[in-house]
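Numbering (the working numbering), first residue to last: 160 to 524.
All residues carry an ideal CB built from backbone N, CA and C; glycine is no exception.
Source: prediction; values computed, not measured.
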Amino acid sequence: MIYIHIPFCERKCNYCAFNSKIGGTAEKISYVEALIAEINLRGDNSAIETIYFGGGTPTTLTLSQLEKIICAVEKNFNVNTCAEITIEANPGTVDENFLRGLKTLGFNRLSLGVQSFDDALLKILGRIHTSRAAIETVELAKNFFANVSVDLMYGLPNQTLQNLRHDVEIIKKLDVEHVSIYGLEIEDGTKFFELARAGNLNLPDENLCADMYDFITQTLPALGYRRYEISNFAKKNFESRHNRGYWTGKKYFGFGAGAHSFDGKLRTSNVRNVKAYIEKNFSVVEEVVTRQAAMEEFCFLGLRMTAGISAKTFEDKFGANIFDVFGDAIKKNRRHGLLEVDGDKIFLTARGMALGNEVFADFLL
Ligand SMILES: C[S@@+](CC[C@H](N)C(=O)[O-])C[C@H]1O[C@@H](n2cnc3c(N)ncnc32)[C@H](O)[C@@H]1O
Ligand code: SF4
160 MIYIHIPFCE RKCNYCAFNS KIGGTAEKIS YVEALIAEIN LRGDNSAIET
210 IYFGGGTPTT LTLSQLEKII CAVEKNFNVN TCAEITIEAN PGTVDENFLR
260 GLKTLGFNRL SLGVQSFDDA LLKILGRIHT SRAAIETVEL AKNFFANVSV
310 DLMYGLPNQT LQNLRHDVEI IKKLDVEHVS IYGLEIEDGT KFFELARAGN
360 LNLPDENLCA DMYDFITQTL PALGYRRYEI SNFAKKNFES RHNRGYWTGK
410 KYFGFGAGAH SFDGKLRTSN VRNVKAYIEK NFSVVEEVVT RQAAMEEFCF
460 LGLRMTAGIS AKTFEDKFGA NIFDVFGDAI KKNRRHGLLE VDGDKIFLTA
510 RGMALGNEVF ADFLL
């Protein structure tokens with residue numbers, strides 16, 4: 160698995176704390192050079208099943224810059240001809256030619272950040288596109304990609320259930336393969352953080368957020384999108400292979416500013432600052448994942464998936480019985496109706512999915 164971080168956006172959205180900034184032309188050129196240098200340095204010809212270009216907004220680079228990065232990956236790794244190759248895109252950054260170009264470069268999965276199909280909400284979020292533009296982009300994208308995903312957000316300032324109903328109706332019409340839903344988090348360092356602190360953000364109350372969550376998690380499955388992870392819904396066979404890799408503890412390379420890597424034992428993270436990264440400051444922060452941390456992660460990452468975790472896989476991996484190690488957490492959350500055990504499988508109930516973070520906290524030894 161390879162993750163490539165592109166830390167540039169056309170404009171910074173009001174809610175977003177991701178490692179991204181507005182990038183100039185020269186800065187992007189230098190960044191791509193640094194990225195290729197890092198790929199050349201760390202590439203080891205290993206077999207790769209998934210590649211994910213995330214950000215920021217990878218589609219703020221030119222097609223020729225993206226091509227250079229892909230070539231570097233292909234030169235330094237053994238990329239499977241059937242690999243899943245995803246790129247995140249903002250609907251305001253791609254047109255028909257660009258989409259065609261992405262397909263030619265070998266991308267076979269497009270993940271579009273739409274957030275909402277309501278123009279007033281998009282404006283509040285500080286998005287660069289309208290609802291109409293997002294719809295047109297999805298329609299165009301479907302001509303080039305058999306696997307299109309849309310990100311939606313709920314719990315937004317001024318958002319109503321009616322807004323979400325409208326979003327879901329449009330998803331139904333667009334008939335995309337995959338939908339990710341995110342409840343708004345107010346992150347430090349964002350415009351929303353300042354507005355919320357000053358009491359100037361009209362956020363939906365807890366009850367309305369819960370209604371929104373219920374609405375969306377119940378409606379998408381009724382439209383044929385199976386929930387396979389807390390935030391992710393997919394038509395049959397369109398689950399993201401790359402993300403599933405993270406949740407099941409696969410090894411991955413992360414290239415770019417702030418990107419993380421995991422080699423099965425050691426987790427490393429690149430310098431987050433874009434300028435420092437461009438200066439090819441590739442020294443990394445290393446963290447040995449202890450056996451205890453690996454057991455905890457196995458549980459709280461695996462439990463994100465509706466399929467849950469397997470007691471046998473845990474035993475094979477760690478040589479210990481999961482009920483001996485996490486017996487208290489399992490018992491308590493079963494008692495509260497948040498967790499279920501069925502034979503070898505341990506998984507969250509629908510209520511457990513809604514309260515995932517509370518359950519995961521119990522899996523910290
Ligand atoms: C890297 S962005 C996706 C691609 C592109 N940058 C875009 O926004 O169109 C990843 C997604 O994270 C979600 N996200 C970002 N900040 C968030 C926040 N504060 N709370 C909840 N979701 C957030 C948005 O749905 C966004 O589409
Ligand atoms: S949500 Fe996407 S487009 Fe907006 S600032 Fe964050 S990464 Fe950039």
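Measuring from the CB of residue i, is there a heavy atom of ligand 1 at a distance below 6 Å?
| i | result |
| --- | --- |
| G272 | yes |
| D310 | yes |
| E456 | no |
| E247 | yes |
| E344 | yes |
With DSSP run on the structure shown, which of helix, strand or coil describes residue i?
| i | result |
| --- | --- |
| S205 | coil |
| K504 | strand |
| E517 | helix |
| I340 | strand |
| M454 | helix |
| F351 | helix |
| C241 | strand |
| Q224 | helix |
| K180 | strand |
| V335 | coil |
| E169 | coil |
| T289 | coil |
| N322 | helix |
| M312 | strand |
| R463 | coil |
| A248 | strand |
| V448 | coil |
| S275 | coil |
| G189 | First, the amino acid is wrong: residue 189 is Ser here, not Gly. Helix. |
| T376 | helix |
| R259 | helix |
Taking residue i and residue j to be in contact with their CB atoms under 8 Å, please state how far apart those CB atoms are, rounded to whole angstroms.
| i | j | result |
| --- | --- | --- |
| A418 | H164 | 4 Å |
| P166 | A416 | 5 Å |
| G515 | L507 | 7 Å |
| N204 | N267 | 22 Å between Cβ atoms; not a contact. |
| T216 | A248 | 7 Å |
| L269 | I244 | No, L269 and I244 are not in contact; Cβ-Cβ is about 10 Å, not under 8 Å. |
| R493 | V484 | No, R493 and V484 are not in contact; Cβ-Cβ is about 16 Å, not under 8 Å. |
| T449 | Y174 | No, T449 and Y174 are not in contact; Cβ-Cβ is about 34 Å, not under 8 Å. |
| E328 | S308 | Contact flag wrong, Cβ pair sits at about 18 Å. |
| F414 | E197 | 5 Å |
Is any non-hydrogen atom of ligand 4 found closer than 6 Å to the C-beta of residue i, if you look at the structure I gave you?
| i | result |
| --- | --- |
| Y341 | Among the ligands present in this structure, namely ligand 1 and ligand 2, ligand 4 is not found. |
Query raised in the report: Per the contact definition of three or more C-beta pairs closer than 8 Å, is the segment 224 to 240 in contact with the segment 274 to 292?
Result: Counting C-beta pairs closer than 8 Å gives fewer than three between the segment 274 to 292 and the segment 224 to 240, which falls short of the contact rule.
Query raised in the report: In chain order, what are the residues with a CB under 6 Å from some non-hydrogen atom of ligand 2?
Result: Counting only beta-carbon distances shorter than 6 Å to the non-hydrogen atoms of ligand 2, the qualifying residues in chain order are C168, K171, C172, C175, F177, S179, G214, G215, T216, N249, G272.
Query raised in the report: Is it a yes or a no for the segment 417 to 433 touching the segment 446 to 460, going by three-plus beta-carbon pairs under 8 Å?
Result: With a cut-off of 8 Å, the segment 446 to 460 and the segment 417 to 433 count as touching, because enough Cβ pairs lie within range.
Query raised in the report: Is the segment 371 to 384 in contact with the segment 432 to 449, if contact means three or more CB pairs nearer than 8 Å?
Result: In the pairwise beta carbon analysis, the segment 371 to 384 is classified as not touching the segment 432 to 449: fewer than three pairs are separated by under 8 Å.
Query raised in the report: Are the segment 292 to 301 and the segment 344 to 361 touching by the rule of at least three beta carbon pairs closer than 8 Å?
Result: The answer is no - the segment 344 to 361 does not touch the segment 292 to 301, with fewer than three Cβ pairs under 8 Å.
Requested in this report: Could you tell me whether the segment 349 to 369 touches the segment 311 to 324, using the rule of 3 or more Cβ pairs below 8 Å?
Outcome: The segment 349 to 369 is in contact with the segment 311 to 324.
Query raised in the report: Three or more beta-carbon pairs under 8 Å between the segment 388 to 403 and the segment 463 to 471, yes or no?
Result: The way I'd put it, the segment 388 to 403 does touch the segment 463 to 471; three or more beta-carbon pairs between them come closer than 8 Å.
Query raised in the report: Is the number of C-beta pairs between the segment 255 to 263 and the segment 219 to 238 that are closer than 8 Å three or more?
Result: As far as the Cβ criterion goes, the segment 255 to 263 touches the segment 219 to 238, which means the pair count is three or higher.
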